[in-house]
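> One structure, as structure tokens, below. Some questions next.
Chains as they are written, first to last, in full-length UniProt numbering: chain A, 1 to 263; chain B, 1 to 443.
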């Protein structure tokens, strides 16, 4: 089903002599993974609704190099970084928003030294700023009183100390935010970071995502909220493994906001 | 009166401190085997970290029971050591309770030392129980088998002996202070809230024998302290000194930021420079050591990582919060630190035995101590870094060793090679065409 999403590219903007307010870095998961594409579209619907002038790189975007770097391949990481920086600098990008904490961390912390200096924001922070500035209003509606637990992505939380923005958004939905026993700085990883997403786990007695799903299920949530496409996949798999997909949904914060607005 | 006691004491002190400083020199040399890294920026933030985390124990109390017990022992250790000053002066100059003249303040000081000594005994008992009776998981896991387990208990026994000697010393002193009509040089000084209950034990014992015991306790106490000080270098207890520099030199950047290897930047820039002459010979530098990517042994790690290894007190908070370890994988961040220290010590002994030069021993930190299986279990989630009460980063060592495996040995697990090939070929970790990156818009 094709809907009317307005997704200009940086090239189109440039052709019109315009500079967008913010560049939306979609990321590989957001571009290709079927589940993550839904998050991307939900976020775009919100941007469209709030009349944010944004643009994407489209086919000019390439992997930030995060999984290569964390696997130990510094060469590949820096090649990716420098190619991306060339593109971003050519468009004179100033402000970047992304729905992937891994892209977020890499762009924000590891690109500046290589020549890429941008203001980089995670989409939960960006959504919060839209609400704070009154460009977006949400009514709890369908989420009112629902038990929602938030799983902190390592690369958003511990890595960059962002714990409050996603929680504030959940509370704006009039939902009942319930915390897991391990949360915020003590949050447990979903098991995907450090390039684990792309390999089999080493031998052990349990998968990390099952351990984390059990943390989440202890709070008896109706929704597990995530802020990272990889955490989303891991938690969704965990819920399937526990055969709870009928009762518990795993949703990105952007999807919660978009749904609350019936977008 | 002979000066034999004073001379003996001076010799004892000289030997104790001499041996200690000798080991400190060795420690410095070993740490300096690491590569250079600049951690002199932002001194204000560094001093704050040291004040808050090492001096203020702010990360210890995140686990309140262990945190509070630890603070008792820590404060006890620091405060009771003020008494050491008096002991040293008394020993060197043959005086007795040289600071007694300050009066009430002296009474308060001695009283607080005693109360702290009592609290320390209580805390040490609780620590011992946690390790040996309750057997908390992080104290009985496989990486603590053998020496590390014994080391931890020896430290506790040491503290019991030292605190007991201190209280016995005071008890005999109090007993002799109260001999009707006064006895020898035992002046009325100090206040003894705890040892007053021990002093009656000596009722009915001859004054000469109590005096002998008093001297014996005094000597054993100071000898014990000197032995304990020298035990530090061989023990995880070294953290009482190194926690301070370690928190000062710790990483200040966001935890998610991994360093960009400068040697790689140079090569990548050259590769991407359209004006670079591909046939130009690289400039020859006779003294240049060919750069090695990542770390396979302790000499490839930076000196802060090596300082980290000596600072680790093996509390295991890192391991108990590690997602890989929790789910039964081989990785234990604590073991990474212990292995690094063990290997560094081995390299240090090699240098000592070979007149200051390291003779290759066909061993490396990688494989002989830390296996690739451990390294590949890490999710880089930073839980270990967050947990460490003294800001050690096991993760940075794990990453440097992965770099060696991948860039020097091409020894990544197969699926990771596939992921990296995809990034190289089509700019995504999966096999999708870069030209399809915006297809989601119309789906």
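A virtual CB, placed ideally from N, CA and C, is assigned to each residue, including glycine.
Can you tell me the Cα-Cα spacing of residue 150 (chain B) and residue 238 (chain B), whole angstroms?
Rounded to whole angstroms, residue 150 (chain B) to residue 238 (chain B) spans 15 Å at the Cα level.
> Can you give me the C-alpha to C-alpha distance between residue 222 (chain B) and residue 87 (chain B), rounded to a whole angstrom?
Computed Cα separation, rounded: 8 Å.
> Any beta carbon from chain A within less than 8 Å of residue 432 (chain B)'s own beta carbon?
For residue 432 (chain B), the answer is yes, since a Cβ of chain A falls inside 8 Å of its Cβ.
> Give me the Cβ distance between residue 24 (chain A) and residue 97 (chain A), rounded to the nearest whole Å; I'm assuming they're in contact under 8 Å.
Going by Cβ atoms, the distance from residue 24 (chain A) to residue 97 (chain A) rounds to 6 Å, so yes, they are a contact pair.
> Tell me the DSSP secondary structure of residue 236 (chain A) in three-state form.
Three-state DSSP puts residue 236 (chain A) in a helix.
> How many angstroms separate the CA atom of residue 171 (chain A) from the CA atom of residue 177 (chain A)?
Those two C-alpha atoms are separated by around 7 Å.
> Rounded to whole angstroms, what's the CA-CA distance from residue 97 (chain B) to residue 11 (chain B)? Just pull it up for me.
Looking at the two C-alpha atoms, the distance is approximately 21 Å.
> So is residue 414 (chain B) buried or exposed if we call it buried at 16+ other beta carbons inside 10 Å?
That one is exposed.
> Around the C-beta of residue 122 (chain B), are 16 or more other C-beta atoms found within 10 angstroms, so that it is buried, or is it exposed?
So residue 122 (chain B) counts as exposed.
> Would residue 138 (chain A) and residue 257 (chain A) qualify as a contact pair, given that the criterion is a beta-carbon distance under 8 Å?
Closer than 8 Å, so yes.
> For residue 119 (chain A), write down the residues that DSSP places opposite it in a beta bridge.
Answer is A:95, bridged to residue 119 (chain A).
> Check residue 20 (chain B) in the structure and name its three-state DSSP category.
Of the three classes helix, strand and coil, the one that applies to residue 20 (chain B) here is helix, per DSSP.
> Could you check whether residue 392 (chain B) and residue 337 (chain B) sit closer than 8 Å to each other, using their CB atoms as the reference points?
Taking 8 Å as the Cβ cut-off, residue 337 (chain B) and residue 392 (chain B) qualify as a contacting pair.
> Mark residue 151 (chain A) as exposed unless 16 or more other C-beta atoms lie within 10 angstroms of its C-beta, in which case mark it buried.
It counts as buried.
> What is the rounded straight-line gap between the Cα of residue 52 (chain B) and the Cα of residue 243 (chain B)?
Cα to Cα, residue 52 (chain B) sits roughly 12 Å from residue 243 (chain B).
> For residue 402 (chain B), count neighbouring Cβ atoms within 10 angstroms of its own Cβ and tell me buried if that reaches 16, exposed if not.
That one is buried.
> For residue 54 (chain B), count neighbouring Cβ atoms within 10 angstroms of its own Cβ and tell me buried if that reaches 16, exposed if not.
Per the 10 Å Cβ criterion, buried.
> Using only CA atoms, which one of B:179, B:192, B:218 lies nearest to residue 204 (chain B)?
Closest by alpha carbon: B:179.
> Taking contact to mean at least 3 C-beta pairs separated by less than 8 Å, is the segment 5-16 of chain A in contact with the segment 49-60 of chain A?
Touching, per the Cβ criterion.
> Whose C-beta lies closer than 7 Å to the C-beta of residue 331 (chain B) among residues of the same chain, with five residues either side of it excluded?
So the list reads 322, 324, 325, 374, 377, 378, once near-sequence residues are dropped.
> Quick one: does residue 296 (chain A) have its CB under 8 Å from some CB of chain B?
Summary: the structure shown does not reach residue 296 (chain A), with chain A confined to residues 1 through 263, and so no result is reported for it.
> Quick check: the Cα distance between residue 85 (chain B) and residue 79 (chain B), rounded to an integer number of angstroms?
Cα-Cα distance, rounded: 11 Å.
> Examine the Cβ distances between the segment 241-255 of chain A and the segment 219-230 of chain A and report whether three or more of them are shorter than 8 Å.
With the cut-off at 8 Å, the segment 241-255 of chain A and the segment 219-230 of chain A touch.
> Is the segment 246-260 of chain B in contact with the segment 199-214 of chain B, if contact means three or more CB pairs nearer than 8 Å?
No: fewer than three Cβ pairs fall under 8 Å.
> Please name the residue, chosen from A:135, A:20, A:214, A:64, that lies closest to residue 426 (chain B) on a Cα-to-Cα basis.
Closest option to residue 426 (chain B), Cα to Cα, is A:64.
> For residue 70 (chain A), which of helix, strand or coil comes out of DSSP?
Of the three classes helix, strand and coil, the one that applies to residue 70 (chain A) here is helix, per DSSP.
> Which chain A residues sit within Cβ distance under 7 Å of residue 453 (chain B)?
Not covered by the structure: residue 453 (chain B). The range shown for chain B is 1 to 443.
> Reducing DSSP to helix, strand and coil, say where residue 229 (chain B) ends up.
Three-state result, residue 229 (chain B): helix.
> Identify each residue in the segment 226-246 of chain A for which the Cβ-Cβ distance to at least one residue of chain B is less than 9 Å, and report them in chain order.
The residues in question: there are none.
> Residues in the same chain with beta-carbon distance under 8 Å from residue 187 (chain B), minus the five sequence neighbours each way, listed in chain order, please.
Result list for residue 187 (chain B): 96, 97, 100, 177, in chain order.
> Can you find a CB in chain A that lies within less than 8 Å of the CB of residue 328 (chain B)?
Interface residue, yes.
> Spatial neighbours of residue 123 (chain A) within its chain, please: C-beta separation below 8 Å, excluding the five flanking residues on both sides.
For residue 123 (chain A), where only same-chain residues beyond five positions count, the Cβ hits under 8 Å are 43, 97, 98, 99, 227, 253, 254.
> Does the CB of residue 301 (chain B) have a neighbour CB from chain A at under 8 Å?
No - not a single Cβ of chain A is within 8 Å of the one on residue 301 (chain B).
> Using Cβ-Cβ distances below 7 Å, what residues of the segment 363-378 of chain B are close to chain A?
So the list reads 373, 376, 377, 378, given in the order they occur along the chain.
> By the criterion of Cβ-Cβ separation under 7 Å, what are the contact partners of residue 413 (chain B) in chain A?
The answer, in chain order, is 199.
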